[in-house]
Amino acid sequence: MKLNKKLVNVVGVGAFSLMAAGSLYAQESLRVGMECNYYPFNYKDSNGTLLGYDVDVAKGVTDILGADVTFVCQEWNGMIPALLANKFDLIVASMSITKSREKKIDFSTPYRISVGRLVGSKKVDIKLFDDNDQPIKDNFKKVRIGIERASVYANYFKGTFPDAKVVMYDGNETGYLDLVNGRVDMIMTNPMKAYLKFLSKEDGAGFEFKSPVIDDAEYFGPGVGIGMRKGQPELKARVDAAIKKLITEGKLTEYALKIFPFPIHNEEWSKL
Numbered sequence: 003m004k005l006n007k008k009l010v011n012v013v014g015v016g017a018f019s020l021m022a023a024g025s026l027y028a029q030e031s032l033r034v035g036m037e038c039n040y041y042p043f044n045y046k047d048s049n050g051t052l053l054g055y056d057v058d059v060a061k062g063v064t065d066i067l068g069a070d071v072t073f074v075c076q077e078w079n080g081m082i083p084a085l086l087a088n089k090f091d092l093i094v095a096s097m098s099i100t101k102s103r104e105k106k107i108d109f110s111t112p113y114r115i116s117v118g119r120l121v122g123s124k125k126v127d128i129k130l131f132d133d134n135d136q137p138i139k140d141n142f143k144k145v146r147i148g149i150e151r152a153s154v155y156a157n158y159f160k161g162t163f164p165d166a167k168v169v170m171y172d173g174n175e176t177g178y179l180d181l182v183n184g185r186v187d188m189i190m191t192n193p194m195k196a197y198l199k200f201l202s203k204e205d206g207a208g209f210e211f212k213s214p215v216i217d218d219a220e221y222f223g224p225g226v227g228i229g230m231r232k233g234q235p236e237l238k239a240r241v242d243a244a245i246k247k248l249i250t251e252g253k254l255t256e257y258a259l260k261i262f263p264f265p266i267h268n269e270e271w272s273k274l
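Anchor point for the sequence shown: position 134 equals 136 in the numbering used here, and the numbering is continuous, going up by one each time.
In structure tokens, the structure reads:
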């Protein structure tokens, strides 16, 4: 029986196209940007291996998506510009979802809470908050406070305490060094990180939390999410679904319990 050559060619091309599409999908690769020195969320151990909650989340999401993941280390201040310049595809770097950032990039559903707290020397005896946890604004003029540039903490201080004495840093680590050496009186940072990295260690023996937990939604937003360039609704939908799967299957709790004695997400996010 003679086969129609034209039909064979069409079928062959179609089959090749399907195979190629399947092959491309199987080989999907996503580049993830993070600081790589933000313990305990994304950092390198002594062997140079990336570890931390953000790293686990990134691996969990990309595993559900069936994608290979490559990590790209990026300084915090240039994180969003680097994403927009196509240096990576996703930001998984404990980045809080805020209105100003949402003007530039899209965010997934949250995967971690976003809060801040002041850490300072026990010798600094200035009351910054009253008994109802409301700030005493005039007292903020009497202390030097270190804050990471381009962070929600920087935005919070700019909007809430415009007259405060603020020292800006390009990275979190320099703030801790200046705090220990007395160049600033306090720093504002993530309280979970502060406890694990500093307050529970020998170097942190003379320091303590100097404020209640601060979670002003105007500045801290609804939580921490995965950032991506705008105009990618399919990718956003897939990432959202992956995060919800990590919540419902208990993976986010598992990731948190490696580090903290409690989860650091909201179960209700699985319903968003």
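We put the beta carbon where it would ideally sit given N, CA and C, even for glycine.
Item: Whole angstroms is fine: what's the gap from L53's alpha carbon to C38's?; Value: 8 Å
Item: Would you check if the segment 153-166 and the segment 246-263 touch, i.e. whether three or more CB-CB distances between them fall below 8 Å?; Value: no
Item: Run through DSSP, which three-state label would G206 get?; Value: helix
Item: Closest to D56 by C-alpha separation, out of E269, I261 and K273, would be which residue?; Value: I261
Item: Going straight from the alpha carbon of I228 to that of A60, what length do you get?; Value: 9 Å
Item: If we count the other Cβ atoms within 10 Å of its Cβ and call it buried at 16 or more, is D132 buried or exposed?; Value: exposed
Item: When burial is assigned at 16 or more other CB atoms within 10 Å of the CB, is A207 buried or exposed?; Value: exposed
Item: Give the straight-line distance between the Cα atoms of M190 and N157, rounded to the nearest whole angstrom.; Value: 12 Å
Item: Pair every Cβ in the segment 198-214 with every Cβ in the segment 76-84, then say whether three or more of these pairs are closer than 8 Å.; Value: no
Item: Does the segment 219-239 touch the segment 89-99, meaning 3 or more C-beta pairs lie closer than 8 Å?; Value: yes
Item: Put R151 into one of helix, strand or coil per three-state DSSP.; Value: coil
Item: Are three or more beta carbon pairs between the segment 139-154 and the segment 177-187 nearer than 8 Å?; Value: yes
Item: Tell me whether F73 sits in a helix, a strand or coil according to DSSP, three-state version.; Value: strand
Item: Please give the ranges of any alpha helix (DSSP H) in the segment 194-272, keeping only runs that are unbroken, at least 4 residues long and fully inside the region.; Value: 219-222, 235-250 and 253-259
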